[in-house]
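Engineer: All the letters of the first sequence, read from the start, carry residue numbers 69 to 336 under this note's numbering.
Input: one structure, supplied below.
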Amino acid sequence: MQVEITDDFDLKKIADSGQCFRWTRTEGGYRIVAGGHVLEIGKIGDGQQFELNCSEDVYEQFWKHYFDLDLQYAAIRAKIDPERDPYLYKAAACGRGIRILNQNPWEMLITFIISQRKNIPAIRLSVEKLCKLSGNKIDEDNWAFPGPDRLASLPEAQLLGCGLGYRVKYIQRVARAAADGEIDFDRMAKLPDKDLRDELMKLYGVGVKVANCEMLFGFHRLDSFPEDVWVLRLLQEQYPDGFPFSLYRPYNGIMQQYLFWYRRTVQI
DNA sequence: ACTCAGGTATCCT
DNA sequence: AGGATACCTGAG
């Protein structure tokens, strides 16, 4: 099917924004594994027309939400005052097209636990191995992300084989807690941001950074502002008096993505 | 060989 | 409370 997306939507920027690890480049676009589906998506021509190899039904019920197409990012970008915050204005102009995907909170939690002290290719590799090892097979060469019970029952040696190293004990404990129902994602989804963050940080292997990533990318809490080395450096340089969070609530997380993108791609 | 990568737990003052 | 340090592993 084809769809026209008039709001900000740039596949490459989303793919490289560090929120998704199961996108792979294809000839015409990207192959995306999510929610037990595999999607091939590519841009047609120079406009905003896209080709997707799924039915309208699956698009309406899954991918449309996955790409967060009900939220108008252009309108959010327009809140940035070029006079008052020229740096963010430039960053947002540069990062236009980035969106925060709606991804599975369980999958994101494990993925960001894996991410610690790994670079993006290494994260991808570990996640892919994990899926191939214990996820349901979707088609010839794609596997879904394994559920909590599946991961909890995986032998330690197999986890080590996925290149997880010292994170194995974190993953085992979190998977066990999720399989036992101690971590209830549906319940957590109803908590206010602060309570959700506190609860996430009680999990073994989850610190501030992973908790904030899980908030933003797993629970779609768009005000969550993960601070990694890049963003910290940037904040010190560009916002010595502090970032004006109050101006952009409840979308500080989107601003973080623009800043992160700008700092990494343009100003290296 | 050596450093670094979107950190966190743990062990010190 | 706040700072230093160990930790698996793959890539350049």
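Don't be surprised by glycine CBs; every beta carbon is placed ideally from N, CA and C.
#1: Measuring straight from C-alpha to C-alpha, what distance separates residue 322 and residue 152?
#2: Take residue 218 as the anchor and find which of 194, 206, 243 has the nearest alpha-carbon.
#3: In terms of residues, what are the limits of the alpha helix (DSSP H) holding residue 315?
#4: Given that a residue counts as buried once 16 or more other Cβ atoms are within 10 Å of its Cβ, and exposed if not, what is residue 81?
#5: Write down every uninterrupted run of the alpha helix (DSSP H) in the stretch 201 to 264 whose length is 4 residues or greater and which is fully enclosed by it, in chain order.
#6: Can you give the Cα-Cα distance for residue 363 and residue 129, rounded to whole angstroms?
#7: Mark residue 334 as exposed unless 16 or more other C-beta atoms lie within 10 angstroms of its C-beta, in which case mark it buried.
#8: What does the alpha-carbon distance come out to for the pair residue 312 and residue 145?
#9: From 283, 234, 205, 119, pick the residue whose C-alpha is nearest to that of residue 102; which is it?
#10: Among 70, 79, 326, which residue has its Cα nearest to the Cα of residue 294?
#11: What does a CB cutoff of less than 7 Å around residue 291 pick up in its chain, not counting 5 residues either side in sequence?
#12: Considering residue 92, what are the terminal residues of the beta strand (DSSP E) in which it resides?
#13: So, do the stretch 108 to 116 and the stretch 197 to 216 have three or more beta carbon pairs nearer to each other than 8 Å?
#14: In chain order, what residues of the same chain lie with their CB nearer than 7 Å to the CB of residue 302, ignoring the 5 residues before and after it?
#15: Should residue 222 be labelled buried (16 or more other beta-carbon atoms within 10 Å of its own) or exposed?
#16: By Cβ distance below 8 Å, which residues in the same chain neighbour residue 74 in space, the five residues on each side in sequence not counted?
#17: Can you tell me the Cα-Cα spacing of residue 83 and residue 72, whole angstroms?
#18: Quick check on this structure: which residue in 273, 118, 113 has the alpha carbon closest to the alpha carbon of residue 245?
#19: Below 8 Å, how does it come out for the stretch 130 to 142 and the stretch 233 to 241: are there three or more Cβ pairs, yes or no?
#20: Residue 224 and residue 236 look like a contact to me (Cβ under 8 Å); what is the Cβ gap, rounded to whole Å?
#21: Alpha carbon to alpha carbon, what distance is there between residue 158 and residue 136?
#22: When you compare only the Cα positions, how much space is there between residue 336 and residue 266?
#23: Using a Cβ-Cβ cut-off of 6 Å (strictly less than) and excluding sequence neighbours within five positions of residue 324, which residues of its own chain qualify?
Structural biologist: In brief:
#1: Going from the Cα of residue 322 to the Cα of residue 152 covers about 18 Å.
#2: Here the closest residue by C-alpha is 243.
#3: 313 to 316
#4: buried
#5: 216 to 220, 224 to 228, 236 to 247, 253 to 256, all fully within the stretch 201 to 264.
#6: Look at the range of the chain in this structure, 69 to 336, and you will see that residue 363 is not part of it.
#7: Residue environment: residue 334 is assigned as exposed (fewer than 16 neighbouring CB atoms within 10 Å of its CB, all protein chains considered).
#8: 15 Å
#9: 205
#10: 326
#11: Scanning its chain for C-beta atoms nearer than 7 Å, with the 5 sequence neighbours on each side dropped, one finds around residue 291 the residues 261, 317, 318, 319, 320, 321, in chain order.
#12: 91 to 93
#13: With the cut-off at 8 Å, the stretch 108 to 116 and the stretch 197 to 216 do not touch.
#14: 327, 331
#15: buried
#16: 116
#17: 19 Å
#18: 273
#19: no
#20: Right, their Cβ atoms sit about 6 Å apart.
#21: 23 Å
#22: For residue 336, the pLDDT reaches just 44, beneath the cut-off of 50, and the residue's location in the model is therefore unreliable, although a value from the coordinates is still provided. Their Cα atoms are separated by approximately 34 Å.
#23: Contacts found: 293.
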